[in-house]
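See structure below.
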Amino acid sequence: MREPIESGVAVVSRAARTERFPARFQLVAAMNPCPCGWAGDRSGRCLCTEEVIRRYRGRVSGPLMDRIDLHVEVPRLDPRELRDDAPLGEDSASVRARVVAAREVQLLRSGKANAQLLPFELSEHCRLSPEDQQLLEDAVERLQLSARSMHRILRVARTLADLGHAEEIKTAHVAEAIGYRQLDRGGGV
């Protein structure tokens, strides 16, 4: 799974023969926060110890987690938020238009989507101010992130800037991208 995520190619070897298949895809995965599923919930129903939660989350390998760009906690909704008269967020058509516009900017800038930028291309297309570079380096040190995770943060920050029609990556983009690495910090455990 790790190799196709990284390279966009699946290699299958059988009977002294090797075949390469295109495998560029978007992985969307979900997991409970702990064995009982209630860790972090405001109800306080979780009785799992920190050690049990750490062991549970450790079942997903670090190298695989490194290759997942966005780690997002989705809290339980209050029943009032599920009512028909509850305010809605941005509609799908508007989101789609912003994504299409951001992708066009990316293709014009580098000839590819930000997710496909190679590590050596990041310094050209994901430039940071000295202050934002320090913010990123501090996060990498504090959260003990890998180089791969740092590169993914840069790509996400660049994408956030593109979605916001910003020419330059700003501090808010870097901070938000760092925030999407929740499971790198133990997911709040």
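Using full-length UniProt numbering, the first residue of the sequence shown is number 1, and each one after it goes up by one.
Here a beta-carbon is modelled for each residue, glycine too, at the ideal position from N, C-alpha and C.
What you are looking at is a predicted structure, and each value in this text was computed from that prediction instead of being measured.
Fully contained in the segment 113-184 are the following alpha helix (DSSP H) runs of length 4 or more, in chain order: 119-125, 130-143, 147-163 and 171-179. Annotation: residue 90 is outside any beta strand (DSSP E) and is labelled neither H nor E by DSSP. With respect to the 7 Å criterion, residue 41 and residue 152 are not classified as neighbours on the basis of their beta carbons. Under the DSSP assignment, residue 63 falls in the alpha helix (DSSP H) whose first and last residues are 62-66. Assigned with DSSP and collapsed to three states, residue 33 falls in coil, not helix or strand.
Between the C-alpha atoms of residue 35 and residue 156 there is a straight-line separation of about 30 Å. Excluding the 5 residues flanking it on each side, residue 139 has same chain C-beta neighbours closer than 6 Å at 178, in chain order. In the displayed model, residue 75 falls within coil according to three-state DSSP, outside both helix and strand. Residue 33 is classed as buried because its beta carbon has at least 16 other beta carbons within 10 Å across all chains shown. Looking only at 113, 104 and 78, the smallest Cα-Cα distance to residue 43 is reached by 78.
Of 26, 142, 161 and 28, the smallest CA-CA separation from residue 128 is found for 161.
In the same chain as residue 158, and ignoring 5 residues on each side of it, the C-beta atoms closer than 7 Å to its own belong to 114, 125, 126 and 169, in chain order. By the neighbour-count criterion, in which a residue is buried when 16 or more other Cβ atoms sit within 10 angstroms of its Cβ, residue 116 is exposed. Within a 10 Å sphere around the beta-carbon of residue 174 sit 16 or more other beta-carbons, which makes this residue buried. Going by C-alpha positions, residue 93 is about 28 Å away from residue 181.
Cβ-Cβ distances below 6 Å link residue 145 to 184 in the same chain, with the five nearest sequence neighbours on each side left out; the list follows chain order.
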